[in-house]
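S.K.: Sequences listed follow chains A and B, in order. All residue numbers for the first sequence refer to this note's numbering, where the first residue is 360 and numbers rise by one. All residue numbers for the second sequence refer to this note's numbering, where the first residue is 2 and numbers rise by one.
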Amino acid sequence: MGVSMSEEFYKYMEKIFDPSEAPRKPKPLEGIRVVDVTMIILGPMSPSILGSLGAEVIKVEGPRGDWAWRPIVPSYKDNLNSGFAVDNLNKYHISLDIRHPKGKEVFQRLVAKSDALVENLTPENMDLWGVGYKDLIQINPGLIYFWHGGWGRWGRYAGIPSYDALGQAHSGLAGITGFPGCPPLRALDWIGDYFGALSGAFGVIVGLFYREKTGRGCYGEIGHPENLTRYMDWTWIYISLTGEDRPKTGNVDIACGPAAIFPCKDAMVAIAAVLDDEFKGLCEAMGKPQLANDPRFKDIPSRLKKENLEEIIRMMSEWVKDKTVNELEQIAEKHGFACAKVMNVKDQYESEHLRYRRQWLIVNDPVYGEVHVRGMPLHMSETPWHVRWVGRPYGIDTEFVLRHIVGLSTEEIEELKKEKVCKDWRDMPEQLQKMGYAPPDYWKEEGKWLRT
Amino acid sequence: MALPPDVIQYYTELCKPEKVMAQPGAQPLEDFKILDLSYANLGGSYIGTLLAEFGAECVKVEPPSGDPARYFSPYGMLHNGMGLGFIDANRNKFFITLNLETEKGREIFKEMVKKVDVVIETFKPGYMDSLGIGYRQLKEINPGLVYVAVSNYGQYGPLAKTNRSGYDIDAQAMSGLVYHTGEVPGTPGIPEEAQVPTRMGSWVAWMSCGYWGALGVLAALWWRRKTGKGQMIDVSPWETAYYGTDTAQTVYQFEGFKDEAIRERAGPVEPLAQIYAYFPAKDGWLFIGAFADASFNSFCDMVGRADLKEKYPTLRPYRVFENAFKVYDDIKEITKEKTIDEWVKMSLEWSKTHPSVVMAPVRRAIEVYNDEGYYETQTLVRFKDPIHGDIVISKGCPKYCGPYQIIKWLARPLGADNEFIYLKYLGYTRDELEKLKAEGVI
Chain A
360 MGVSMSEEFY KYMEKIFDPS EAPRKPKPLE GIRVVDVTMI ILGPMSPSIL GSLGAEVIKV
420 EGPRGDWAWR PIVPSYKDNL NSGFAVDNLN KYHISLDIRH PKGKEVFQRL VAKSDALVEN
480 LTPENMDLWG VGYKDLIQIN PGLIYFWHGG WGRWGRYAGI PSYDALGQAH SGLAGITGFP
540 GCPPLRALDW IGDYFGALSG AFGVIVGLFY REKTGRGCYG EIGHPENLTR YMDWTWIYIS
600 LTGEDRPKTG NVDIACGPAA IFPCKDAMVA IAAVLDDEFK GLCEAMGKPQ LANDPRFKDI
660 PSRLKKENLE EIIRMMSEWV KDKTVNELEQ IAEKHGFACA KVMNVKDQYE SEHLRYRRQW
720 LIVNDPVYGE VHVRGMPLHM SETPWHVRWV GRPYGIDTEF VLRHIVGLST EEIEELKKEK
780 VCKDWRDMPE QLQKMGYAPP DYWKEEGKWL RT
Chain B
2 MALPPDVIQY YTELCKPEKV MAQPGAQPLE DFKILDLSYA NLGGSYIGTL LAEFGAECVK
62 VEPPSGDPAR YFSPYGMLHN GMGLGFIDAN RNKFFITLNL ETEKGREIFK EMVKKVDVVI
122 ETFKPGYMDS LGIGYRQLKE INPGLVYVAV SNYGQYGPLA KTNRSGYDID AQAMSGLVYH
182 TGEVPGTPGI PEEAQVPTRM GSWVAWMSCG YWGALGVLAA LWWRRKTGKG QMIDVSPWET
242 AYYGTDTAQT VYQFEGFKDE AIRERAGPVE PLAQIYAYFP AKDGWLFIGA FADASFNSFC
302 DMVGRADLKE KYPTLRPYRV FENAFKVYDD IKEITKEKTI DEWVKMSLEW SKTHPSVVMA
362 PVRRAIEVYN DEGYYETQTL VRFKDPIHGD IVISKGCPKY CGPYQIIKWL ARPLGADNEF
422 IYLKYLGYTR DELEKLKAEG VI
């Protein structure tokens, strides 16, 4: 016999998802132009996603730039801020004061030539400046206008500012996370931002299909708290049926199990054995094959019953205590249940799997050289995403965009610069230049600053 | 500055749900048909649900024994024979049974595939292929097909062949979310067993997988308009949860791959920006966000502690990493003095005339459940389901003045829509279905 069926399958998968082909393949959103008036994380991320999928994204920064993000996260390389780098992929970065009458006019011309606009300023600003949805839809009736933030522009919480950790707090997500009797616990990571941005990118494409059907653009919005309520799965049904708050259960998943995270000999490890076969495998691995036939553990509903679940979780925690993660993973491999290390960033860095799948992605950035970011968790065989560059210096693409996309002349651009309607990093205070605004210092040495 | 009343008025009118839902085009995905084969994996189920909420026709295909996820529920609690997790994760779908492990079942499946746009499956990589109904084979009978495969280790790459199964919990474990989250050792008042890396309370890996899958399907369908070509999409809940982890990778690189640069858990504190944390108030927990220099100074002025402005004069380098907990400890002594309500009111008032200081309660789920504000905007909806009765669920998707996210019904019994769907798609009569049932095909 030659190759087995499944080897053929894996070969085929390796071929259609070949990561080295990604830059050359087409992108699904080619031809879509997105104007990005965003700051910090939640706003910038959703155009980042669209940009990685091929949309042309133009990030418009005001006279102070993205002041609440470029200089915030305390880790820099060659003047590049780690946070800003990651959250602004594949964008053209222009500086434009849209409150200035001339800036506003240029902005309107840009919007007229675009498909979507994504913004996350405090919600009164755009309307106050005369470039809100109601103004821009006159200029471009097909525009998808999308706002990110807290609670949007209507409803009783309208206008209240928000952050990721606020979203985790106000939605109740922090309230269902952690151990019984302990304080509420937020994900240290900004999942409200990243998952919110994900909804936004999804939302913009829904808007494109709407435009396709109706010929009209639309206004859309998503905020941290409301988005995170969706991430709380059965919480709301549970409360409506029982009248009780959702219990906190620490590291035990009480709804899909037995599944928990345990301390083992050398790390923390997650183990789950949900289906009958997996559970049988686990019982055999634990040296207690008879448990699989025990009426208490005969099927999923029985195994999830509180007292039964607690019993099996107790046995599992005893069993893993003196084993290493490696041993456990091998045992799980043999018996077919789920087992995984609680990985940190070093484990991920060292994971060949993540590296190969472009999840630990090394971008060869034209300005900053090698920058390590996490890739997008979406593998498309025909139209894979591609990251050409990370966040860029303040105002670096102003001329390019104004000339080639908006269609301004050199004189007009010079005029705008002179009146400080358009700026760049050199207009910022020295200290700020080095905090996320300027290109690397060696650009200056090589005379490259003059050529931008 | 507050949102002016006329702006609120404009958007309230613009986005009024009753109006939006009745407009033409409110269901922009209504031309698309989906077969959802997700099995013991709600990450896959959410994909079809999200698309169905914007109009797609989604048919959930289960083996005659049912999707084991039907029992995914807190402590096994069942409502109308279904788990609460399953009820929530499967909305607006039609439910049919089909045994793909029979020849006849596969024939029927292939006929169905010719008539749909999307197939979603969550089996072990290669399972569908080994039955002759994987992407490789299906694209031959439907070149426009978008085929989504969900699994923690993906369809390609060094770990794709693993025999380990995958759920939300191990996806979270590998993502970094768990490692980064949890109380710091030595925190007073926290039992030792709780001072460990901690999972998010809910299935965030699965839900994010749902969104990424749905986004991928839409991107693929958008591209298909131009080319007629479908494609295969590989989504991993491990990776979608990992996507939620900040800038940890970049910081690790920028700090020279040193162990000190590994992101570590920090309880309620944010090591990358102060102040941005949960603080104890007199009657519960309070979020404060005031991390740009102007906001931090504004906070100090608000609480009458100008000395803290001098102690931590700017974000960099005084209020970062090593100082994070010092700043936190200083501020927590202040926050204990007032109730959450007092603080929130004070910060709203103060921020009208000063750089913004953001405060909000850290709420329990049941408090959110009782917050009418969440129902006004349809973030949560009270819903009368034909089977499950009065129930509250979250919408949590974008709200528009154009597309409308509709909730028609929640999960239905096994095979509930066999008659309707098989008649609609393949013209089968009730008698034919009886026969197929007797043969174990449906």
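In this text, a Cβ means the ideal position worked out from N, Cα and C, and glycines have one as well.
Since I394(B) meets chain A, which of its residues come closer than 8 Å, beta carbon to beta carbon?
M.R.: W595, I596
S.K.: Distance, Cα to Cα, I88(B) vs D635(A)?
M.R.: The C-alpha of D635(A) is placed about 21 Å away from the C-alpha of I88(B).
S.K.: Looking at the unbroken alpha helix (DSSP H) that takes in N667(A), where does it start and where does it end?
M.R.: For N667(A), the enclosing alpha helix (DSSP H) covers residues 665 to 679.
S.K.: Which residues in chain A sit within 9 Å of P404(B), going by Cβ to Cβ distance?
M.R.: Within chain A, the C-beta atoms nearer than 9 Å to that of P404(B) come from G562, V565, G566, F568, Y569, C577, G579, in chain order.
S.K.: Tell me where the beta strand (DSSP E) around M360(B) begins and ends.
M.R.: 359 to 362
S.K.: Can you tell which of L525(A), L469(A), L439(A) has its C-alpha closest to the C-alpha of A448(B)?
M.R.: Nothing in the structure corresponds to residue 448(B), since chain B is present only between 2 and 443.
S.K.: Residues of chain B with CB under 7 Å from S445(A), in chain order?
M.R.: The identity of residue 445(A) in the sequence shown is Val, whereas the question assumes Ser. Result: T248, T251.
S.K.: Rounded to whole angstroms, what's the CA-CA distance from E677(A) to E193(B)? Just pull it up for me.
M.R.: Straight through space, the alpha carbons of E193(B) and E677(A) are spaced by roughly 17 Å.
S.K.: Take the Cβ of N652(A) as the centre, count every other Cβ of all protein chains shown within 10 Å, and call the residue buried at 16 or more, exposed below.
M.R.: exposed
S.K.: With a threshold of 6 Å on Cβ separation, who are the neighbours of Y405(B) within its own chain once the five nearest residues in sequence on each side are excluded?
M.R.: Answer for Y405(B): V21, M22, A27, listed in chain order.
S.K.: Is there at least one Cβ from chain A nearer than 7 Å to I142(B)'s Cβ?
M.R.: no
S.K.: Chain A beta carbons: is any one of them nearer than 7 Å to that of E330(B)?
M.R.: The sequence shown places Asp at residue 330(B), rather than the Glu named in the question. Chain A, which has no Cβ nearer than 7 Å to the Cβ of D330(B), makes this no.
S.K.: Under the three-state reduction of DSSP, which class applies to W784(A): helix, strand or coil?
M.R.: helix
S.K.: Would you be able to state if there are at least three C-beta pairs under 8 Å between the stretch 658 to 675 of chain A and the stretch 604 to 622 of chain A?
M.R.: yes
S.K.: Are L449(B) and Y597(A) closer than 7 Å when you measure CB to CB?
M.R.: Any question about residue 449(B) goes unanswered here, given that chain B covers just 2 to 443.
S.K.: Can you name, in chain order, every residue of its own chain whose Cβ lies under 8 Å from the Cβ of D130(B), other than the five neighbours on each side?
M.R.: Y136, R137, Q138
S.K.: Measuring only the C-alpha atoms, how far is D706(A) from D37(B)?
M.R.: 34 Å
S.K.: Give the list of continuous beta strand (DSSP E) stretches no shorter than 3 residues that lie fully inside the stretch 715 to 744 of chain A.
M.R.: Segments of the beta strand (DSSP E) lying fully in the stretch 715 to 744 of chain A: 719 to 724, 728 to 733.
S.K.: For the stretch 98 to 174 of chain B, list the alpha helix (DSSP H) runs that are entirely contained and at least 4 residues long, ordered along the chain.
M.R.: Fully enclosed alpha helix (DSSP H) runs of 4 or longer: 104 to 115, 128 to 131, 136 to 142.
S.K.: My output table needs one value for W748(A): the three-state DSSP class, helix, strand or coil.
M.R.: In this structure, W748(A) counts as coil in the three-state DSSP scheme.
S.K.: So what does I417(A) bridge to, in DSSP terms?
M.R.: V394(A), Y451(A)
S.K.: Judging by CA-CA distance, which residue of K682(A), G602(A), I659(A), R575(A) is the nearest neighbour of A626(A)?
M.R.: K682(A)
S.K.: Helix, strand or coil: how does DSSP classify I399(A) here?
M.R.: Three-state result, I399(A): coil.
S.K.: Three-state secondary structure (DSSP) at M591(A)?
M.R.: Taken through DSSP and simplified to helix, strand or coil, M591(A) comes out as coil.
S.K.: Ignoring anything shorter than 3 residues, give me the beta strand (DSSP E) runs that lie fully in the stretch 468 to 527 of chain A, in order along the chain.
M.R.: 475 to 478, 503 to 508
S.K.: Give the straight-line distance between the Cα atoms of V760(A) and L737(A), rounded to the nearest whole angstrom.
M.R.: V760(A) and L737(A) have their alpha carbons spaced roughly 29 Å apart.
S.K.: Suppose the cutoff is 7 Å on Cβ atoms and the five residues either side in sequence are ignored; what does the same chain contact list for G67(B) look like?
M.R.: L415
S.K.: Between the stretch 581 to 592 of chain A and chain B, which residues of the former have CB atoms less than 8 Å from a CB of the latter, in chain order?
M.R.: Within the stretch 581 to 592 of chain A, contact with chain B at the beta-carbon level (separation under 8 Å) is assigned to I581, P584, E585, N586, L587, T588, R589, Y590, M591, D592.
S.K.: When you compare only the Cα positions, how much space is there between K370(A) and A57(B)?
M.R.: 33 Å
S.K.: What does C301(B) reach in chain A if we use C-beta pairs closer than 8 Å?
M.R.: For C301(B), there are no neighbours in chain A by C-beta distance under 8 Å, as the nearest C-beta there is about 18 Å away.
S.K.: Can you list, in chain order, the residues of the stretch 179 to 200 of chain B whose Cβ is nearer than 8 Å to any Cβ on chain A?
M.R.: V179, Y180, H181, T182, G183, E184, I191, P192, E194, A195, V197, P198, T199, R200
S.K.: Hey, G190(B) and L663(A): beta-carbon distance below 7 Å or not?
M.R.: no
S.K.: Would you check if the distance between the CB atom of V394(A) and the CB atom of S473(A) is smaller than 7 Å?
M.R.: yes
S.K.: Rounded to a whole number of angstroms, what is the C-alpha to C-alpha distance between P752(A) and N447(A)?
M.R.: 11 Å
S.K.: From the DSSP output, which residues share a beta bridge with C698(A)?
M.R.: I630(A)
S.K.: If you follow the beta strand (DSSP E) that T279(B) is in, where does it begin and where does it stop?
M.R.: Here the sequence assigns Tyr to residue 279(B), which means Thr is not the residue at that position. Element bounds for Y279(B): 277 to 282.
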